[in-house]
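*Asks:* Sharing a structure below in structure tokens format, with a few things to ask.
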Amino acid sequence: MLEYINGRIDELTPTTATIDCGGVGYLANISLNTYSVIQGKQEAKLYLHEAIREDAWVLFGFATKEERSLFLLLISISGIGGNTARTILSSFSPAELCNIMYEGNDKLLSTVKGLGRKTAQKIILELKDKVAALGIEAGNMPSGDSEQPAVQFNKEVHDEAVEALKMLGFPPAPTAKVVRSILGEEPDAPVERVIKLALKML
423 MLEYINGRID ELTPTTATID CGGVGYLANI SLNTYSVIQG KQEAKLYLHE AIREDAWVLF
483 GFATKEERSL FLLLISISGI GGNTARTILS SFSPAELCNI MYEGNDKLLS TVKGLGRKTA
543 QKIILELKDK VAALGIEAGN MPSGDSEQPA VQFNKEVHDE AVEALKMLGF PPAPTAKVVR
603 SILGEEPDAP VERVIKLALK ML
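Numbering (our numbering), first residue to last: 423 to 624.
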């Protein structure tokens, strides 16, 4: 079993990281949180989870052990697969997710694509005590408010955000509309913030 990988970042997108380790490139699916941590670096250490199926061998990579632990707890819930767990961890930081669990905020958790209110309640019910045992400090939820008017936006950020959201399963047309709306309010927002806000709106 692979515990972690440490090497040169060969390719990086908001949803995947290719790490060159000893001349072999390992492609790992990552969350937006991990992308934010390793973006701009030449090397990275990712803690891994292997999802081995009959038709595929998929790696998920995490910048911290805490994020991986939350991922493993999430996929332990019936009906929550790796991609849904990654989307949850892209919508909220580990600290924010812990805060949701502690407060029992199923309404906010259910805003994640693929999660209904009942599933969100189930996650909180089954994981609240387990998450508390991890000892991750809860964080405040960002307001997302911005009074900055906007006239134009960064096309590169727009295209990268739309492509990343498409890879997460969102249809391109409404995705592009939401991304444009976000960049209209926050034209200087980095791609990871645009994606995080879009995940709460789609």
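Glycine included, each C-beta is placed from N, C-alpha and C at the ideal position.
In angstroms, rounded to a whole number, what distance separates the CA positions of G526 and K550?
*Replies:* Going from the Cα of G526 to the Cα of K550 covers about 8 Å.
*Asks:* Apart from the five residues on each side of it in sequence, which residues of its chain come closer than 7 Å, Cβ to Cβ, to K544?
*Replies:* Within the same chain, K544 has close Cβ partners I499.
*Asks:* Between T509 and S453, what straight-line distance do the alpha-carbon atoms span, to the nearest angstrom?
*Replies:* C-alpha separation (whole angstroms): 7 Å.
*Asks:* Going by C-alpha distance, which of G501, I558, R475 is nearest S522?
*Replies:* At residue 522 the sequence reads Ile, which differs from the Ser that was named. For I522, the nearest C-alpha among the options comes from I558.
*Asks:* Unbroken alpha helix (DSSP H) runs of length 4 or more, entirely within the region 442-510: which are they?
*Replies:* Within the region 442-510, the complete alpha helix (DSSP H) runs of at least 4 residues are 454-460, 487-497.
*Asks:* For L624 and T597, which I take to be in contact (beta-carbon distance under 8 Å), what is that distance rounded to the nearest angstrom?
*Replies:* Indeed they touch by this definition, with Cβ atoms about 6 Å apart.
*Asks:* Taking the CB atoms as reference points, tell me whether F484 and A507 lie closer together than 8 Å.
*Replies:* No; because the gap between Cβ atoms is not below 8 Å, this pair is not in contact.
*Asks:* Look at the Cβ atom of E476, then the Cβ atom of P516, and state whether they are nearer than 8 Å.
*Replies:* Not a contact, by the Cβ cut-off of 8 Å.
*Asks:* Buried or exposed: where does G566 fall if 16 or more other Cβ atoms within 10 Å of its Cβ makes it buried?
*Replies:* The pLDDT assigned to G566 is 39, lower than 50, so where the model puts this residue is not dependable, and the model offers no usable value.
*Asks:* For D528 and R539, I'd like the C-alpha separation in whole angstroms.
*Replies:* So the two alpha carbons sit approximately 6 Å from each other.
*Asks:* Sorted by chain position, which residues of the same chain lie with C-beta nearer than 8 Å to K595's C-beta, five sequence neighbours on each side aside?
*Replies:* The question names Lys, but residue 595 in the sequence shown is Ala. Answer for A595: no residue qualifies.
*Asks:* Which one of L434, A478, K487, A473 has the shortest CA to CA distance from I497?
*Replies:* Answer by Cα proximity: A473.
*Asks:* Leaving out five residues on either side along the sequence, give the residues of the same chain with a beta carbon under 6 Å from the beta carbon of L556.
*Replies:* Cβ neighbours of L556 beyond the five flanking positions: S491.
*Asks:* Quick one: grab the DSSP three-state call for D551.
*Replies:* Looking at D551 - three-state DSSP - the assignment turns out to be helix.
*Asks:* Where does I558 sit, in a helix, a strand or coil, going by DSSP?
*Replies:* The answer is coil: DSSP assigns I558 none of H, G, I, E or B.
*Asks:* In chain order, what residues of the same chain lie with their CB nearer than 6 Å to the CB of Y469, ignoring the 5 residues before and after it?
*Replies:* Answer for Y469: Y426, F484, K487, R490, listed in chain order.
*Asks:* Find the nearest neighbour of H580 within the set G447, G503, E548, A611, judged by alpha-carbon distance.
*Replies:* It is A611.
*Asks:* Verify whether the separation of the beta carbon atoms of N455 and L481 is less than 8 Å.
*Replies:* It is not a contact, given that the beta carbons lie outside the stated cut-off.
*Asks:* In whole angstroms, what separates the C-alpha of R601 from that of I617?
*Replies:* Here the sequence assigns Val to residue 601, which means Arg is not the residue at that position. Near 8 Å, if we compare the C-alpha coordinates of I617 and V601.
*Asks:* Give the DSSP-derived three-state secondary structure of T438 in the structure shown.
*Replies:* In the structure shown, T438 sits in a strand (DSSP, three-state: E or B).
*Asks:* Please report the distance separating the alpha-carbon of I441 from that of S458.
*Replies:* Their backbone Cα atoms lie some 16 Å apart in a straight line.
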